[in-house]
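Contents: one structure, followed by commentary.
Protein chains: 2
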Amino acid sequence: MIIIMLMSLETLFAGSRSVYLAAGKVLFRSAAPVSEMFMVNAGQIHLCRHTVHGTKMVLQRATPGMVLAEASAYSDSYHCDAIAATDSIVQTLPKSVFLSALAADPDLAATWAATLARGVQAARFRSEIRSLPKVADRLDAWLGAGNPLPQKGRWQDVAHELSVTREALYRELARRRKGTKE
Amino acid sequence: MIIIMLMSLETLFAGSRSVYLAAGKVLFRSAAPVSEMFMVNAGQIHLCRHTVHGTKMVLQRATPGMVLAEASAYSDSYHCDAIAATDSIVQTLPKSVFLSALAADPDLAATWAATLARGVQAARFRSEIRSLPKVADRLDAWLGAGNPLPQKGRWQDVAHELSVTREALYRELARRRKGTKE
DNA sequence: TCCTTCATATGATCATAATCATGTTGATGA
DNA sequence: TCATCAACATGATTATGATCATATGAAGGA
Numbered sequence: 001m002i003i004i005m006l007m008s009l010e011t012l013f014a015g016s017r018s019v020y021l022a023a024g025k026v027l028f029r030s031a032a033p034v035s036e037m038f039m040v041n042a043g044q045i046h047l048c049r050h051t052v053h054g055t056k057m058v059l060q061r062a063t064p065g066m067v068l069a070e071a072s073a074y075s076d077s078y079h080c081d082a083i084a085a086t087d088s089i090v091q092t093l094p095k096s097v098f099l100s101a102l103a104a105d106p107d108l109a110a111t112w113a114a115t116l117a118r119g120v121q122a123a124r125f126r127s128e129i130r131s132l133p134k135v136a137d138r139l140d141a142w143l144g145a146g147n148p149l150p151q152k153g154r155w156q157d158v159a160h161e162l163s164v165t166r167e168a169l170y171r172e173l174a175r176r177r178k179g180t181k182e
Numbered sequence: 001m002i003i004i005m006l007m008s009l010e011t012l013f014a015g016s017r018s019v020y021l022a023a024g025k026v027l028f029r030s031a032a033p034v035s036e037m038f039m040v041n042a043g044q045i046h047l048c049r050h051t052v053h054g055t056k057m058v059l060q061r062a063t064p065g066m067v068l069a070e071a072s073a074y075s076d077s078y079h080c081d082a083i084a085a086t087d088s089i090v091q092t093l094p095k096s097v098f099l100s101a102l103a104a105d106p107d108l109a110a111t112w113a114a115t116l117a118r119g120v121q122a123a124r125f126r127s128e129i130r131s132l133p134k135v136a137d138r139l140d141a142w143l144g145a146g147n148p149l150p151q152k153g154r155w156q157d158v159a160h161e162l163s164v165t166r167e168a169l170y171r172e173l174a175r176r177r178k179g180t181k182e
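Chains as they are written, first to last, in full-length UniProt numbering: chain Z, 1 to 182; chain V, 1 to 182.
Written as structure tokens, this is what we have:
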């Protein structure tokens, strides 16, 4: 009897060590050597880079199920800081274990590559949306990509996703309601 | 004697069929089934999506060495159009061959994943840069990431990368020259 | 019920980039 | 040399979003 074990990224991290991080705690710092890979289990971890002026740029907002700083698997040291945005739990796996699991299991490697490829797609789409100068165009492009307008109470999230102020989005939505009414 | 054959993505595509595309020619259309993977050899291929209003969004500008629409390897049909921006040459490989090469060679799979991971990183960075409201901040972030200001004659490329008009970039550069002079 | 809080909503003002217009410079070729 | 072209440069004007200030409404807790 042959047991086929279909391994997903979640199951790979599932048996691993969990670490609890209070909001604001640092998981790793830029330039530190990469020895572990992290998957977010609960909460949210931000991957940040700082400019000379101290301006903070958030490059990834990792939510449950996401692997943090994917490119670190192929780098010796981190290029960003990772900080818990909320109280969080991350699961950690030695980088070497992570890489050998990928090398040993072509299906898992394909899953990983597919995840990354979709990540590239999503990030490219976000960067193109943000290059549109008008709020109306950003909203059109976002809705046109199949994203649904969420329930009231979650509109600010959309504003943030489109990188406009909530006021600007409220106004655009108001314009549309007015437009369809008459 | 053992010959170790280190396979790169380029070598994988190297022996494959080449296709010449005149500027403006369509390589594939959205919704078409994915049967081939493409690597750009010369020229530039744009991956485009169209909104309801007919606005065109360019999601990838694939230059030589880049694989086009990476995520299509894990999808049955395309979600974008691919159009030659200039006269171009692409090399094509059946998707099944591409995927089995990855499955058969863990090193190649790692190379592919590393490429994708860096693509994610780069695209995330671009989208964050474009969420900065001021030209000065975008330029700072871009220079701070280690990008050098190119020779005169290439400044427009930077303006495009930062998603600002060339005039806005010229003015910002002029401000800086003035600032450092006194 | 009342109070607090947060998301939505909208007006007023301001800052800034886009746009349009025009000029300058430098490289290339006839 | 002159014509041409493209990139750099900059001024004037306009469009648009950010910001600040409030207000409204709904949900949840004391």
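Note that the Cβ used here is the ideal one computed from N, Cα and C, for glycine as well.
Self-check item: Residue interval of the beta strand (DSSP E) (run including Z/Val40)
Solution: Segment 36 to 42, the beta strand (DSSP E) holding Z/Val40.
Quiz item: Excluding the five sequence neighbours on either side, which residues of its own chain have a C-beta within less than 7 Å of the C-beta of Z/His50, listed in chain order?
Solution: The residues are Lys56.
Practice problem: Tell me, please, whether the segment 26 to 44 of chain V touches the segment 78 to 91 of chain V by the rule of three or more beta-carbon pairs shorter than 8 Å. | Solution: Segment contact: the segment 26 to 44 of chain V against the segment 78 to 91 of chain V, three or more CB-CB distances shorter than 8 Å; contact assigned.
Quiz item: Closer than 9 Å, Cβ to any Cβ of chain V: which residues of the segment 36 to 64 of chain Z, in chain order?
Solution: Answer in chain order: Leu47, Arg49, His50, Thr51, Val52, His53, Thr55, Met57, Val58, Leu59, Gln60.
Quiz item: When we look at the beta-carbon of Z/Gln121 and count the other beta-carbons within 10 Å, is it buried (16 or more) or exposed?
Solution: The C-beta of Z/Gln121 has 16 or more other C-beta atoms within 10 Å across all chains shown, which makes the residue buried.
Quiz item: With C-beta atoms as the reference, is Z/Ser30 less than 9 Å away from Z/Ser77?
Solution: Yes, they are a contact pair.
Quiz prompt | Rounded C-alpha distance that separates V/Cys48 from Z/Arg177 | solution = Note on geometry: alpha-carbon atoms of V/Cys48 and Z/Arg177 lie some 30 Å from one another.
Self-check item: Assigned exposure category for Z/Thr115 - 16 Cβ within 10 Å defines buried
Solution: With 16 or more other Cβ atoms within 10 Å, it is buried.
Quiz item: For Z/Leu102 versus V/Ala109, is the C-beta distance shorter than 9 Å?
Solution: Cβ atoms of Z/Leu102 and V/Ala109: closer than 9 Å.
Quiz item: How big is the Cα-Cα spacing for V/Ser18 and V/Glu161?
Solution: If you draw a straight line from the Cα of V/Ser18 to the Cα of V/Glu161, it is about 30 Å long.
Quiz item: If contact means a Cβ-Cβ distance below 8 Å, which residues of the segment 161 to 174 of chain V contact chain Z?
Solution: Within the segment 161 to 174 of chain V, the residues whose Cβ lies closer than 8 Å to some Cβ of chain Z are Ser163, listed in chain order.
Quiz item: V/His46: buried (16+ other C-beta within 10 angstroms of its C-beta) or exposed?
Solution: Buried, because 16 or more other Cβ atoms sit within 10 Å of the Cβ of V/His46.
Exercise. Output the distance between the C-alpha atoms of V/Val164 and Z/Ala123, rounded to the nearest integer angstrom.
Key: Cα atoms of V/Val164 and Z/Ala123: separation of roughly 19 Å, rounded to the nearest angstrom.
Quiz prompt | Helix, strand or coil at Z/Val164 according to DSSP, with G and I counted as helix | solution = In this structure, DSSP gives Z/Val164 a state outside helix and strand, which the three-state scheme calls coil.
Quiz prompt | Cβ neighbours of Z/Glu182 in the same chain (closer than 6 Å, five flanking residues each side left out) | solution = Residue confidence for Z/Glu182 is low, a pLDDT of 39 falling below 50, so the modelled location carries little weight and cannot support an answer.
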